[in-house]
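Participant:
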Amino acid sequence: MSAIVSTFIYCLGTTNIEGKNSPINAMGVLQNLTPEFIPSTFSFSIVVGIKQIDLSSDHKLDIIFKDTEGNNLVEAKDIPISAEQLKNGDLNLPEEQRGLMLGLDLRNVILKKEGNYKTEVRLDGIILGEFDIYAKAKN
């Protein structure tokens, strides 16, 4: 069983509802990044869901947002995911359906030019997926 990204959303922000196994709310789902001007900075969030994770060991998650040239703009690396945390999820689900859902805020990200940016999601150094988003100035 190999881990997969089951959910990926770009949005303006996220909120967490208090409590175990509570959902993450994505507000202002984005198809494109549209700051007033480019170059400029832009704040947004991402929601990532991963399932089919090996529950027998701890893991490290990396989320990297890249510019149009493939250079890293934001790096959230070595986020610890414990086996205990994964096992304490919804116990009524089959093991292959268990996983994690997280929201990550990216604040004042520098967008130097219009074009395709992307987010790379890695678990234990293995790329699970790359997710593109186009940036275009409003003006």
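In our numbering, each residue's number is its place in the sequence shown (first place is 1) plus 1.
Even glycine gets a Cβ: it sits at the ideal position worked out from N, Cα and C.
1) So, do the stretch 5-13 and the stretch 26-44 have three or more beta carbon pairs nearer to each other than 8 angstroms?
2) Hey, N109 and Y135 are a contact pair by Cβ (cut 8 angstroms); roughly how many whole angstroms apart?
3) Quick one: residues in its chain with C-beta nearer than 7 angstroms to the C-beta of E76, no 5 flanking neighbours on either side, listed in chain order?
4) Grouping DSSP H, G and I as helix and E and B as strand, with all else coil, what is L87?
5) With burial defined as no fewer than 16 other Cβ atoms inside 10 Å of the residue's Cβ, what is the status of F43: buried or exposed?
6) By Cβ distance below 6 angstroms, which residues in the same chain neighbour I82 in space, the five residues on each side in sequence not counted?
7) In the structure shown, what three-state DSSP assignment does E76 receive?
8) Span of the beta strand (DSSP E) holding K52?
Facilitator: Looking at the atomic coordinates:
1) In this structure the stretch 5-13 lies against the stretch 26-44, because at least three pairs of beta carbons, one per stretch, are closer than 8 angstroms.
2) About 19 angstroms; that fails the 8 angstroms criterion.
3) Exclusion of the five residues before and after E76 leaves I65 as the residues of its chain whose Cβ lies within less than 7 angstroms of its Cβ.
4) For L87, the three-state secondary structure derived from DSSP is helix.
5) F43 should be labelled buried.
6) Cβ neighbours of I82 beyond the five flanking positions: H60 and L62.
7) Strand.
8) Segment S41 to K52, the beta strand (DSSP E) holding K52.
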